[in-house]
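**Student:** Numbered according to full-length UniProt numbering, the sequence shown spans residues 1 to 393.
Glycine included, C-beta positions come from ideal geometry on N, C-alpha and C.
Here the structure is a predicted model, which is why all the values come from computation and not from measurement.
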Amino acid sequence: MRKFLSILIILTLPILVFLSDYNLNLSNGDYLWINGLTDNIIGHIPGMYEQNNELFFRADNSVSEYSFDIGLNKWKIGISKNTNDSTVLFYDISTQDRNNKNLSYFLNLINGAKKFIYLSVYDLDNVDIVNALISAKNRGVDVRVVIESGNRNTKTDFKLPNNNIPIIYDMNSAYMHNKFGVIDGYCVVTGSTNLTETGINSNSNNMFIVFNNELAQDYMEEFNEQFNKKMFGKYDDNIKSFVKVKTNSGLIEPFFMPEDDLKDRLVQLINSAQQSIDIMMFTFTDKEIANALLDAKNRGLKIRIIMETFQAKSSWSVYSFIKSLNPVLDKNPRTFHHKVMIIDNSITVTGSYNFTNSAQFKNDENALIIHSQDVSHSFTKEFNRFWTLYTKK
Numbered sequence: 001m002r003k004f005l006s007i008l009i010i011l012t013l014p015i016l017v018f019l020s021d022y023n024l025n026l027s028n029g030d031y032l033w034i035n036g037l038t039d040n041i042i043g044h045i046p047g048m049y050e051q052n053n054e055l056f057f058r059a060d061n062s063v064s065e066y067s068f069d070i071g072l073n074k075w076k077i078g079i080s081k082n083t084n085d086s087t088v089l090f091y092d093i094s095t096q097d098r099n100n101k102n103l104s105y106f107l108n109l110i111n112g113a114k115k116f117i118y119l120s121v122y123d124l125d126n127v128d129i130v131n132a133l134i135s136a137k138n139r140g141v142d143v144r145v146v147i148e149s150g151n152r153n154t155k156t157d158f159k160l161p162n163n164n165i166p167i168i169y170d171m172n173s174a175y176m177h178n179k180f181g182v183i184d185g186y187c188v189v190t191g192s193t194n195l196t197e198t199g200i201n202s203n204s205n206n207m208f209i210v211f212n213n214e215l216a217q218d219y220m221e222e223f224n225e226q227f228n229k230k231m232f233g234k235y236d237d238n239i240k241s242f243v244k245v246k247t248n249s250g251l252i253e254p255f256f257m258p259e260d261d262l263k264d265r266l267v268q269l270i271n272s273a274q275q276s277i278d279i280m281m282f283t284f285t286d287k288e289i290a291n292a293l294l295d296a297k298n299r300g301l302k303i304r305i306i307m308e309t310f311q312a313k314s315s316w317s318v319y320s321f322i323k324s325l326n327p328v329l330d331k332n333p334r335t336f337h338h339k340v341m342i343i344d345n346s347i348t349v350t351g352s353y354n355f356t357n358s359a360q361f362k363n364d365e366n367a368l369i370i371h372s373q374d375v376s377h378s379f380t381k382e383f384n385r386f387w388t389l390y391t392k393k
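1) Assign M257 to buried or exposed, taking buried as 16 or more other Cβ atoms, counted over all protein chains shown, within 10 Å of its Cβ.
2) Consider the C-beta atom of L109 and the heavy atoms of the ligand MN; say whether any pair is separated by less than 7 Å.
3) Do you know how far the Cα of S358 is from the Cα of A174?
4) Less than 8 Å between the C-beta atoms of I165 and I200, yes or no?
5) Do V145 and I167 have their C-beta atoms closer together than 8 Å?
6) Span of the alpha helix (DSSP H) holding Q311?
7) Just to confirm my understanding: we take D69, look at its own chain, exclude 5 residues before and 5 after, and list those with CB closer than 8 Å. What are they?
8) By the 10 Å Cβ neighbour count, where 16 or more other Cβ atoms means buried, how is K302 classified, buried or exposed?
9) List the endpoints of the continuous beta strand (DSSP E) containing S67.
10) Taking S192 and V375 to be in contact with their CB atoms under 8 Å, please state how far apart those CB atoms are, rounded to whole angstroms.
11) Would you decide whether M171 is buried or exposed? Buried here means 16 or more other CB atoms lie within 10 Å of its CB.
12) With a threshold of 8 Å on Cβ separation, who are the neighbours of L107 within its own chain once the five nearest residues in sequence on each side are excluded?
13) Would you mind giving the Cβ-Cβ distance between M307 and P333, rounded to the nearest angstrom? I have them listed as a contact below 8 Å.
14) Roughly how many angstroms separate the alpha carbons of F57 and D218, rounded to a whole number?
15) Do L124 and T196 have their C-beta atoms closer together than 8 Å?
16) Output needed for S86: all residues of its chain with C-beta closer than 6 Å, excluding positions within five of it in sequence on either side, in chain order.
17) State the CB to CB distance for the pair Y353 and L262, rounded to an integer number of angstroms; the pair is presumed to be in contact (CB under 8 Å).
18) Helix, strand or coil, according to DSSP, for K362 in the structure here?
19) Which residues in the same chain as V182 place their Cβ atom closer than 7 Å to its Cβ, once the five residues preceding and following it in sequence are excluded?
20) Taking the CB atoms as reference points, tell me whether L389 and K331 lie closer together than 8 Å.
21) Closest by CA to Q51, which one among E65, S64, V63 and G36?
22) Does the Cβ-Cβ distance between T356 and T309 come in under 8 Å?
23) Quick one: what's M341 bridged to in DSSP?
24) In its own chain, which residues sit with a C-beta less than 6 Å from the C-beta of I342, not counting the 5 before and 5 after it?
25) Between Y273 and the rest of its own chain, which residues show a CB-CB distance below 8 Å, the 5 nearest in sequence each way excluded?
26) Where do the N-terminal and C-terminal ends of the beta strand (DSSP E) with residue 453 fall, by residue?
27) As a quick exercise: from L32, N53, D39 and T38, pick the residue whose alpha carbon is nearest that of I45.
28) Would you grab the beta carbon distance between D364 and M176 for me? Rounded to a whole angstrom, and I think it's under 8 Å.
29) Following the continuous beta strand (DSSP E) through V243, name the residue where it begins and the one where it ends.
30) Label K313 either buried or exposed according to how many other C-beta atoms from any shown protein chain fall within 10 Å of its C-beta, with 16 as the threshold for buried.
31) Among residues of its own chain, excluding the 5 on either side of Y66, which ones have a beta-carbon nearer than 6 Å to its beta-carbon?
32) What residue does the alpha helix (DSSP H) around Y105 start on, and which one ends it?
33) Taking the beta strand (DSSP E) that Y186 belongs to, which residues open and close that run?
34) Can you tell me which of the three DSSP states A367 falls into?
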């Protein structure tokens with residue numbers, strides 16, 4: 001009887017049936033959802049949700065076709081192409097209208113979730129985001145959250161659990177410093193933005209959103225390490241299906257620390273830069289990266305650096321060490337929280353990774369190296385806005 005139910009549900013989907021073959025055409029954001037499966041799924045589509053006899057897949061638009069089998073039935077999914085698959089959002093104390101608009105965009109992603117939302121975040125207390133997660137849970141979305149144990153608050157300790165949203169706190173002595181989310185296995189949200197009132201409304205931050213099943217698969221695996229395996233920091237098992245992801249925006253290299261060596265890759269990028277390097281950085285204490293920048297300056301590159309004022313004055317900061325690069329200090333009365341490097345106006349690095357040894361060797365962190373002139377243009381525009389504001393006499 002259960003197998004009959006499975007077949008009945010499959011045949012009610014809007015598909016073309018040829019014997020045991022199923023051909024389905026999807027556009028970006030469309031999804032396939034099958035309940036009551038009894039046969040094994042052979043082959044895995046990146047971003048696919050497989051739990052409790054369910055299969056859920058929501059399409060991005062970077063791959064034209066996927067195929068897999070369910071028992072003896074062969075499935076082929078064709079996906080319509082779309083050139084726009086990423087968005088960059090910025091937040092700052094001086095841009096409240098933009099902050100509200102960009103928060104609404106993020107909330108719409110949560111409100112549009114069909115099957116699951118996985119969040120791995122350093123901190124979470126924004127009321128609108130918390131309420132949107134609860135609403136998603138109430139309509140049947142699988143919502144799960146990982147949070148840094150040092151940031152327990154009434155919303156995470158009581159409001160989310162009281163609405164049946166499970167939370168895992170890291171038990172690592174280092175920080176669980178991520179700020180990422182995965183929605184329906186097709187959308188990844190990352191960047192420097194903590195999901196807090198100050199992260200959205202006061203601090204200078206970025207949020208990079210990309211629709212890509214393969215990248216979502218990498219982030220789902222990282223989330224699974226934390227939520228299901230309780231593995232944090234150096235105890236990560238270093239599972240990553242895709243070391244390079246082709247998107248319509250450009251090639252993306254995902255990194256998860258401490259298992260991935262992002263520092264070495266950053267030094268490589270700096271050493272191979274041809275024209276310019278722009279940096280917006282909250283905490284900068286890593287002298288290997290600093291030395292690479294000094295060498296780049298000596299090769300004739302244009303180097304511009306904006307640093308967070310309070311952090312720059314700490315005894316560990318490289319601010320004095322790189323004084324010859326003329327780093328500029330921010331003027332945000334709250335926090336300049338970006339972790340961004342732009343190389344030759346064509347490669348952008350963003351994520352939770354500060355230029356510190358703790359970010360590389362201790363903390364749970366993530367970062368993307370994005371090979372895209374369009375994405376770099378968005379970040380450069382924001383950089384130039386700050387540069388003009390902070391260098392004005």
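**Tutor:** Reading from the atomic positions:
1) Along the sequence shown, read from residue 1 onward, the residue named residue 257 stands at position 257. That one is buried.
2) The ligand MN is not among the ligands present in this structure, which contains no ligands whatsoever.
3) Taking the sequence shown and counting its residues from 1, the one referred to as residue 174 is at position 174. Taking the sequence shown and counting its residues from 1, the one referred to as residue 358 is at position 358. Whole-angstrom Cα-Cα distance: 8 Å.
4) Within the sequence shown, the letter at position 165 stands for residue 165. Within the sequence shown, the letter at position 200 stands for residue 200. No, the Cβ-Cβ distance between I165 and I200 is not below 8 Å.
5) Here residue 145 is taken as the residue at index 145 of the sequence shown, counted from 1. Here residue 167 is taken as the residue at index 167 of the sequence shown, counted from 1. Result yes, Cβ atoms of V145 and I167 sit closer than 8 Å.
6) The sequence position of residue 311 within the sequence shown is 311, counting from 1. That run of the alpha helix (DSSP H) goes T309 to A312.
7) Taking the sequence shown and counting its residues from 1, the one referred to as residue 69 is at position 69. Excluding residues within five positions, the ones whose Cβ falls inside 8 Å are I41, I42, G43 and W75.
8) Residue numbering aside, residue 302 sits at position 302 when the sequence shown is read from its first letter. When all chains shown are included, K302 counts as exposed.
9) One-based indexing of the sequence shown puts residue 67 at position 67. E65 to I70 is the span of the beta strand (DSSP E), which, as asked, contains S67.
10) Sequence index remark: in the sequence shown, residue 192 carries index 192 (1-based). Sequence index remark: in the sequence shown, residue 375 carries index 375 (1-based). Contact flag wrong, Cβ pair sits at about 15 Å.
11) Residue numbering aside, residue 171 sits at position 171 when the sequence shown is read from its first letter. Classification of M171: exposed, given that the 10 Å Cβ count is below 16.
12) In the sequence shown, residue 107 corresponds to position 107, counting from 1. Result list for L107: D128, I129 and A132, in chain order.
13) As a working note, residue 307 is residue 307 in the sequence shown. As a working note, residue 333 is residue 333 in the sequence shown. At roughly 16 Å, the Cβ-Cβ gap does not stay under 8 Å, so M307 and P333 are not in contact.
14) The residue you call residue 57 lines up with position 57 of the sequence shown. The residue you call residue 218 lines up with position 218 of the sequence shown. Looking at the two C-alpha atoms, the distance is approximately 15 Å.
15) One-based indexing of the sequence shown puts residue 124 at position 124. One-based indexing of the sequence shown puts residue 196 at position 196. Going by C-beta atoms, L124 is nearer than 8 Å to T196.
16) For the purposes of this step, residue 86 is taken as residue 86 along the sequence shown, with counting starting at 1. Once the five neighbours on either side are set aside, the close Cβ partners of S86 are V210 and S249.
17) For the purposes of this step, residue 353 is identified with residue 353 of the sequence shown, where counting begins at 1. For the purposes of this step, residue 262 is identified with residue 262 of the sequence shown, where counting begins at 1. Correct: roughly 6 Å between the Cβ atoms.
18) Along the sequence shown, read from residue 1 onward, the residue named residue 362 stands at position 362. In the structure shown, K362 sits in coil (DSSP, three-state: anything other than H, G, I, E or B).
19) As a first step, residue 182 must be located in the sequence shown, where it is residue number 182. Same-chain partners within the cutoff: Y118, V188, A216, Y219, M220 and F223.
20) Along the sequence shown, read from residue 1 onward, the residue named residue 389 stands at position 389. Along the sequence shown, read from residue 1 onward, the residue named residue 331 stands at position 331. Yes, Cβ-Cβ distance for L389 and K331 is below 8 Å.
21) Translated into positions along the sequence shown, residue 51 becomes position 51. The residue with the shortest Cα to Cα distance from Q51 is G36.
22) In the sequence shown, residue 356 corresponds to position 356, counting from 1. In the sequence shown, residue 309 corresponds to position 309, counting from 1. Contact: no.
23) Within the sequence shown, the letter at position 341 stands for residue 341. Answer is I279 and V349, bridged to M341.
24) Sequence index remark: in the sequence shown, residue 342 carries index 342 (1-based). The residues are D278, T348, S376, F379 and T380.
25) As a first step, residue 273 must be located in the sequence shown, where it is residue number 273. Per the sequence shown, the amino acid found at residue 273 is Ala instead of Tyr. The answer, listed in chain order, is A296, L301, I343 and D344.
26) This structure cannot speak to residue 453, because the chain is shown only from 1 to 393.
27) Counting from one through the sequence shown, the residue named residue 45 turns up at place 45. Here the closest residue by C-alpha is L32.
28) Here residue 364 is taken as the residue at index 364 of the sequence shown, counted from 1. Here residue 176 is taken as the residue at index 176 of the sequence shown, counted from 1. Rounded, the Cβ-Cβ distance is 5 Å, consistent with contact.
29) Position 243 of the sequence shown, counting from 1, holds the residue named residue 243. No beta strand (DSSP E) contains V243, which DSSP labels as neither H nor E.
30) For this step, residue 313 is matched to residue 313 along the sequence shown. Per the 10 Å Cβ criterion, exposed.
31) For the purposes of this step, residue 66 is identified with residue 66 of the sequence shown, where counting begins at 1. Only I45 and I77 meet the Cβ criterion.
32) To locate residue 105, count along the sequence shown from 1; it is residue 105. Start and end: Q96 to N111.
33) Locating residue 186 in the sequence shown gives position 186, counting from the first residue. Neither: Y186 is in no beta strand (DSSP E) and is coded neither H nor E.
34) Position 367 of the sequence shown, counted from the first residue, corresponds to residue 367. Here A367 sits in strand by DSSP.
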